[in-house]
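Sequence positions in the sequence shown follow this note's numbering and run 405 to 751.
Each residue gets a CB set at the ideal place from its N, CA and C atoms; glycine is no exception.
The block underneath contains the structure these notes are about, expressed in structure tokens.
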Amino acid sequence: MRVLVTGAAGFIGSGVVRELRDRGHDVIAADLMLPQAHGQGAPPLDVRVADVRDKPAVLALLEGVDVVSHQAAMVGAGVDSSDMPLYASHNDVGTAVLLAAMAERAVSRIVLASSVVVYGEGRYACPEHGPQPAPPRRLDDLQRGLFDVRCHRCGEPLGWRRVEEDTALDPRSSYAASKVAQEHYVAAWCRQAPGAAVALRYHNVYGEGMPKDSPYSGVAAIFRSALERGEPPEVFEDGRQMRDFVHVDDVAAVNAMAVEAVLAMSPETFDAFNVCSGSPISIHDVAERLCQAVRADLSPRVSGRFRPGDVRHVVASPDKAKRLLGFTATTGPDVGLRRFAHEPLRD
Ligand code: UD1
405 MRVLVTGAAG FIGSGVVREL RDRGHDVIAA DLMLPQAHGQ GAPPLDVRVA DVRDKPAVLA
465 LLEGVDVVSH QAAMVGAGVD SSDMPLYASH NDVGTAVLLA AMAERAVSRI VLASSVVVYG
525 EGRYACPEHG PQPAPPRRLD DLQRGLFDVR CHRCGEPLGW RRVEEDTALD PRSSYAASKV
585 AQEHYVAAWC RQAPGAAVAL RYHNVYGEGM PKDSPYSGVA AIFRSALERG EPPEVFEDGR
645 QMRDFVHVDD VAAVNAMAVE AVLAMSPETF DAFNVCSGSP ISIHDVAERL CQAVRADLSP
705 RVSGRFRPGD VRHVVASPDK AKRLLGFTAT TGPDVGLRRF AHEPLRD
């Protein structure tokens with residue numbers, strides 16, 4: 405089938421293109437080559453430079469396309485509220501324009517790159533008082549080094565639980581707000597067009613070609629960049645915050661599976677899936693493993709600093725993607741981080 409991949413020159417998008425081509429699909433690769441992601445780098449030869457906010461350009465790309473794999477987005481935690489318009493423009497408006505163009509061209513299937521950030525904090529429970537919601541952490545608590553989310557009855561730290569896809573959405577950053585908006589536009593389009601869509605909620609993606617140290621980079625690349633400078637990685641908070649690190653090759657694989665699955669789905673269907681390894685790991689352990697693999701003489705530096713918008717723990721269940729898409733990650737963090745320690749990053 406013919407698949408348009410947006411964000412095709414990116415860290416994840418380029419893996420999706422490779423995987424789809426390996427499976428015999430005809431891929432149209434498009435990317436805006438945003439400087440935040442690509443610096444001044446030239447586009448790869450097979451990538452057409454196009455902006456998803458430019459409807460005539462998108463209409464031209466959609467010729468003969470069966471499915472769109474929408475990976476193009478402003479990513480990361482960002483700097484501060486000054487970059488809000490960038491998230492709203494590239495992610496919210498970009499998706500809306502793409503969907504309108506798809507409806508005009510009668511392209512009725514899309515796979516959307518979403519994110520675990522749509523959940524905000526993960527799920528929590530007190531050993532004594534049971535499950536409870538986690539409001540945003542208070543700045544004065546963070547300043548006093550109180551990083552855990554606490555039970556509203558006894559004040560003890562709450563333990564984390566795995567998040568299922570039907571958990572209420574609770575975005576806590578501009579990026580998260582734009583990912584929720586993308587999902588909502590896509591769900592509305594499914595009813596209006598009508599069309600079918602799969603949203604893939606990526607956890608912390610890492611692997612070869614990850615962008616180097618920047619405000620928009622994930623922590624694994626930031627730790628790697630520190631080690632390359634001969635510095636110990638700086639671990640924020642107390643390092644006990646939990647995440648799920650999923651390898652980019654697994655993310656590419658599940659995208660190809662979703663592209664194939666969405667074609668068989670009936671119109672007016674929208675479904676979302678966690679994309680994770682299923683093997684949660686603390687941020688301190690990520691830093692520790694990278695130190696061991698790159699510079700065994702260095703140890704992570706737990707600084708107690710924090711980013712106000714960060715969530716404490718977010719760990720999701722891989723069960724639904726396994727059940728309905730047949731996806732299980734093949735690379736766990738033990739093997740994956742050891743490999744990643746020596747894989748090239750992109751500037
Ligand atoms: C990350 C992504 C987000 C993506 C989500 C799910 C970034 C910037 N964030 O969010 O876009 O949607 O995963 O895939 O790409 N930390 C340190 N030291 C540092 C930097 C960060 O200890 O130098 C800590 C943070 O405080 C946080 C953890 O590492 O607790 C993870 O940070 P980050 O890589 O930004 O990931 P998420 O916030 O989980």
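Between the segment 585-602 and the segment 504-519, the count of C-beta pairs closer than 8 Å reaches three or more; the two stretches touch. Residues 600 of the same chain have their beta carbon placed closer than 6 Å to that of residue 669, with the five preceding and five following residues left out of the count.
Counting only residues of its own chain and dropping the five nearest sequence neighbours on each side, residue 607 has a CB closer than 6 Å to the CB of 520, 648, 650, 680. Cβ neighbours of residue 433 within its own chain (closer than 6 Å, five residues either side excluded): 409, 412, 421, 450, 451.
Taking residue 561 as reference, the option from 471, 594, 684, 645 with the minimal CA-CA separation is 645. Uninterrupted alpha helix (DSSP H) stretches at least 4 residues long and entirely within the segment 617-698 occur at 623-632, 652-668, 687-698, given in chain order. Rounded to whole angstroms, the gap between the alpha carbons of residue 502 and residue 454 is 12 Å. Counting other Cβ atoms within 10 Å of its Cβ, residue 426 stays below 16 and is therefore classed as exposed. Taking C-alpha positions only, residue 435 is separated from residue 508 by approximately 21 Å. Every unbroken stretch of the alpha helix (DSSP H) spanning 4 or more residues and falling wholly within the segment 417-482 is given here in chain order: 439-442, 459-465. Apart from the 5 residues on each side of it in sequence, residue 671 sits with its Cβ closer than 7 Å to the Cβ of 512, 598, 599, 600 in its chain, given in chain order. For residue 711, the number of other beta carbons within 10 angstroms of its own is below 16, and it is reported as exposed. Inter-residue distance for residue 540 and residue 750 is about 33 Å (C-alpha atoms, whole angstroms). Under the Cβ criterion (8 Å, minimum of three pairs), the segment 695-714 does not count as touching the segment 654-666. For residue 551, the shortest separation between its Cβ and any heavy atom of the ligand UD1 does not lie below 7 Å.
Relative to the non-hydrogen atoms of the ligand UD1, the Cβ of residue 685 never comes closer than 7 Å to any of them. Going by C-alpha positions, residue 638 is about 48 Å away from residue 467. DSSP lists 554 as the beta-bridge partner residues of residue 561. Counted as a single uninterrupted DSSP element, the stretch harbouring residue 571 is not any beta strand (DSSP E), since DSSP gives it neither H nor E. For residue 716, the three-state secondary structure derived from DSSP is coil. Contact annotation: residue 596 and residue 495 have beta-carbon atoms that are not nearer than 8 Å. CA-CA distance, residue 582 to residue 437, rounds to 19 Å.
By the neighbour-count criterion, in which 16 or more other beta carbons inside 10 Å mark a residue as buried, residue 550 falls on the exposed side. In this structure, the beta-carbon distance from residue 610 to residue 571 does not fall below 8 Å. Residue state for residue 509 is assigned as coil, using DSSP reduced to three classes. With a contact defined as Cβ atoms closer than 8 Å, residue 652 and residue 419 qualify at about 5 Å. For residue 589, the enclosing alpha helix (DSSP H) has its first and last residue at 578-596. Listed in chain order, the non-local C-beta contacts of residue 567 below 6 Å within the same chain comprise 523, 526, 527, 720, local neighbours out to five positions each way being set aside.
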